[in-house]
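Protein chains in written order, with the working numbering: chain U, 428 to 933; chain G, 475 to 783.
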Amino acid sequence: MSAILHILKTQGGDIVHAIGQHIGLSLISLLIAAVIAIPLAILLMNHKRAAGVMLQITSILQTIPSLALLGILIPIVGIGTVPSVIALVIYAVMPIFQNTYSGLTTIDPNYEEAATAFGLSRRMKLFRIELPLAMPMIISGIRIATVLIIGTATLAALIGAGGLGTYILLGIETNNNPLLIIGAVLSAILALVFGAAIDWLGRLSFKKAGIVLATVVVLIGGFAGYRKIANPETGITIAGKMGSEPEILINMYKDLIEHDHPRMKVTTKANFGGTSFLFKALKSGSIDIYPEFTGTVLESLVKGEKSASHDPARTYQVAQKALKSQYRMAYLKPMKYQNGYDLAVTKQFAKANNLKTISDLIAVEGKIHAGFDPDFYQLKDGYPGLSKTYGLKFASAKTMEPSIRYKAIANGKVNLVDGYTTDPEIQEYHLVVLKDDRNFFPPYQGAPLMTEKLITEHPELKTTLNKLAGKVTTTDMQKMNYLVTVKHEKAATVARQYLKSHGYLN
Amino acid sequence: MIEFRNVTKQYAHNQALDRLNLTIPSRDFFVLVGPSGSGKTTTLKMLNRLIEPTDGDIYFDDRRLIDYDLKQLRRQMGYVLQNIALFPNLNIQDNIAIQAESLGWPRKRRIERARELLAQVDLDPDQYATRMPSELSGGEQQRVGIIRALAIKPKVVLMDEPFSALDPISRKQLQDLVLRLHQELKMTFVFVTHDMHEALRLGQHIAVMRLGHIQQVGTGEDIIRHPANDFVRGFFQVETAARPDAVSDVVLAGYGTATSDTPTLDATATVNELAADLRQGPVVVATPDGNRQLQTTDLLDFLATKEAD
């Protein structure tokens, strides 16, 4: 709870911004869906067969999983707000269409007969009688669509449209429950608030409801237009995956580029999404640069290079060549730090048993009670391969959730854990990472990835970004992650301080 | 004047009307009466072309209905539905003025007209004009239903069993109301009912229908005195038999004692109404031979004797 309050205090501004994005995205989608669905239902209200077909189509669209839909849309319309809005509209059309249609077609036939017998025009019949009578159904359709949209809009974070989903994904990705709770609770509250607002709208007269809706449309349109003018999207866009480390890196890139080339305008998009989304975004030109790990390139991006070498330099070369030949992408030189698997023990335990490398564990293997991430426990690159390579056999090895694992070693329940080399918990719990003296763990080094086109147009970027090549140690990265994740400092500030203190910005 | 010439309406499995010929004089109060399935409502709905004939022609002021512009035609006709069907989303004055609104009357004139009509049927405009239909009783709603049909001063007013769902007291009041309105407004009223008494009470001319055929057309008196066939005679008799005895029947049978007290009940009231009043004590009725007081035992004896007959 205190963690939640702390985050709310330190990141309040960002959270408000995310709520704003979420509302904007949801309302725009809702309005577009209503503008499509309601007139369509009116057009089809007297064409039973066509309406049946339409209902089928919208129902089928509804069954496409949201992630699949986003995946389908990315190659067509890229990433960001546009595909998110399209996906949300597709989901919202069905409940609105269905409710409007059944609202209009289940009107008591006596009212229809009366309106006809009085010689009312089609238009007057629709606006004076039919739509007002169908209004409760239409409103409840819009209500269903709203709740659906606000829930689904959390997925927009995956493809860089921002919103509250950013916190949910970040929470899942970095095992940060308070963040996840903030994202989930806020989107639930939004859904409730919007539901109530729509109910209120439903109680207004036909005319007043129209005025309120028109006002909302104008406000959103105006705001979006203002944003478009105020933040023209020109220059270079650098995006990063979820979490503190990519955000620190992209801010370093930004500072370096703007320092060396004051006329270049760099936009950063932190917590932009998962690996495949970022890679697709880079391919489609929606973003220009993002930091990627050498190990990840071989593991999931390029084809036919699965058997990664355990030598970092070799891994980089293979990854760089494959990216160039398969995707015409430029992969600049990696930084020094490694963000791969590691084994860590407490400082006291290391001192008491004189542990510096993994090989040193062999002498004390009978005393080791390990807590491992379930994946690490099973993967070939994890514990099974490790014990084979080093000939290790621990007294016990339990699997536990990643966040619990660090608490367990802090409380003395276990005395050895796996982790990632740049985890901030290493600083937080005063742990020591044991050196992988036989190079067993596959290398994961961060390096800027971009299209060849960009580097051809701006060759100066290569020199600038290569300033970081071979720099930034694992300990540096741990410290910076610690400052951002545990101390809740701004990633941009942490990045700038690092660059300044190391003399990059003179 | 409205004329049906050889009008037939054929549905997939039954014939609703079979070569119907009928003339409805202008400004008449014309009642179509008959049991369900007789084709009376079909006949009515052909007048504003809610139903189109399969064959034959209908003339309205010597011009075929199908030669009129549909909207123009309907805007010369008022329509009262059986279940009233006031639009629940519109208040009373907007309901009344809906046809006027479709004719493009300015709002001020529409409201004036609605208020004038409300006053004409004893509904206080200040109280009723802006209420919603759901806030009115059934009888009040049907009064609004009737004046809604009159708002644009149509040439013809069509009424489809408008009182069948009302209690006897409201029904009687509304029958009086439409009679009065007909006298005042000089429009053609075409009224559908399955109730012979209602037909007799309202109609200047009555058409008795059965299974898509006209059985007899005439004044109420013609039909009672000279029923054209067994069906008409039977229909009328069934209707009378179903009617409860009047208090005058009880008095004529010799019940009650002479009194000088003032009468508390009309002699034309039914025995049912008498029974209701007797719960409060003895009832005094005026008769041509002086006032008579009736006790509960009188009613019981009368009914028991009647059963014994």
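By construction, the Cβ of each residue, glycine as well, lies at the ideal position given by its N, Cα and C atoms.
Residue nearest to G667 of chain U within the set U:T533, U:A445 and U:L705 is U:L705 (criterion: CA-CA distance).
Positions of the beta strand (DSSP E) runs, each at least 3 residues long and wholly inside the region 539-578 of chain G, are given as 551-554 in order along the chain. When rounded, the separation of the alpha-carbon atoms in A445 of chain U and G589 of chain U is 6 angstroms. Flagged as an interface residue toward chain G: I556 of chain U, by a C-beta distance shorter than 8 angstroms. Within the region 561-584 of chain G, those residues whose Cβ lies closer than 9 angstroms to any Cβ of chain U are, in chain order, F561, P562, N563, L564, D568, I572, Q573, E575, S576 and L577. If you ignore the 5 residues before and after E557 of chain U, its C-beta comes within less than 7 angstroms of the C-beta of L531 and I534, all in its own chain and listed in chain order. Here DSSP, grouped into helix, strand and coil, assigns H449 of chain U to helix.
Sorting U:D787, U:Y804 and U:T664 by C-alpha distance to the C-alpha of M691 of chain U places U:T664 at the top.
Closer than 8 angstroms at the C-beta level to chain U, one finds no residue of the region 639-665 of chain G. Listed as beta-bridge partners of S823 of chain U by DSSP are U:H796. By the 16-neighbour rule on beta-carbons within 10 angstroms, D735 of chain G is exposed.
Within 9 angstroms of the CB of L555 of chain G, the CB atoms of chain U belong to N537, E540, A541 and A544, in sequence order along the chain. What L560 of chain U touches in chain G, judged by beta-carbon distance under 9 angstroms, is F561, P562 and N563, going in chain order.
Here T773 of chain U carries a strand assignment [DSSP, helix/strand/coil]. When U:V516, U:G722, U:L782 and U:K552 are compared, the shortest CA-CA separation from Y768 of chain U is found for U:G722. M904 of chain U places its beta carbon 8 angstroms or farther from that of E719 of chain U.
Using a Cβ-Cβ cut-off of 8 angstroms, L539 of chain G does not count as an interface residue toward chain U, since no Cβ of chain U sits closer than that to its own. Contact between G451 of chain U and I506 of chain U is ruled out by a C-beta separation of about 17 angstroms, above the 8 angstroms threshold.
Out of U:F699, U:L458 and U:I608, the CA that lies nearest to the CA of I716 of chain U is found in U:F699. Contact check for I620 of chain G and V652 of chain G: beta-carbon distance about 7 angstroms, within the 8 angstroms limit, so the pair qualifies.
Counting only the Cα atoms, A822 of chain U lies some 16 angstroms from F776 of chain U. Listed along the chain, the chain U residues whose CB falls inside 9 angstroms of the CB of L524 of chain G are E540, T543 and A544. In this structure I570 of chain G is not in contact with Q615 of chain G, their Cβ atoms being roughly 12 angstroms apart against a cut-off of 8 angstroms. About 5 angstroms separates the Cβ atoms of L739 of chain G and V757 of chain G, confirming a contact at the 8 angstroms cut-off. Contact check between the region 560-568 of chain U and the region 488-501 of chain U: fewer than three CB pairs, one atom from each, fall below 8 angstroms, which does not count as touching.
When U:D687, U:L575, U:V911 and U:L770 are compared, the shortest CA-CA separation from Y931 of chain U is found for U:D687. The beta carbon of S830 of chain U does not come within 8 angstroms of any beta carbon belonging to chain G, so the residue lies off that interface.
The shortest CA-to-CA distance from L685 of chain G to any of G:S510, G:D598, G:E747 and G:R479 is the one to G:S510.
A residue is called buried once 16 or more other Cβ atoms fall within 10 Å of its Cβ, and D704 of chain G, having fewer, is exposed.
N495 of chain G carries a strand assignment under DSSP once its states are collapsed to helix, strand and coil. Taking 8 angstroms as the cut-off, the Cβ atoms of A544 of chain U and N765 of chain G do not count as close. The beta carbons of A896 of chain U and V844 of chain U sit about 31 angstroms from each other, so the pair does not count as a contact at 8 angstroms.
Counting only runs that start and end inside the region 442-503 of chain U, the alpha helix (DSSP H) elements of at least 4 residues fall at 475-490. S548 of chain U has a beta carbon lying within less than 8 angstroms of a beta carbon in chain G.
Identification of chain U residues near R549 of chain G by a Cβ-Cβ cut-off of 7 angstroms yields G546, ordered along the chain. Residue contact check for K514 of chain G against chain U: no CB pair falls below 8 angstroms.
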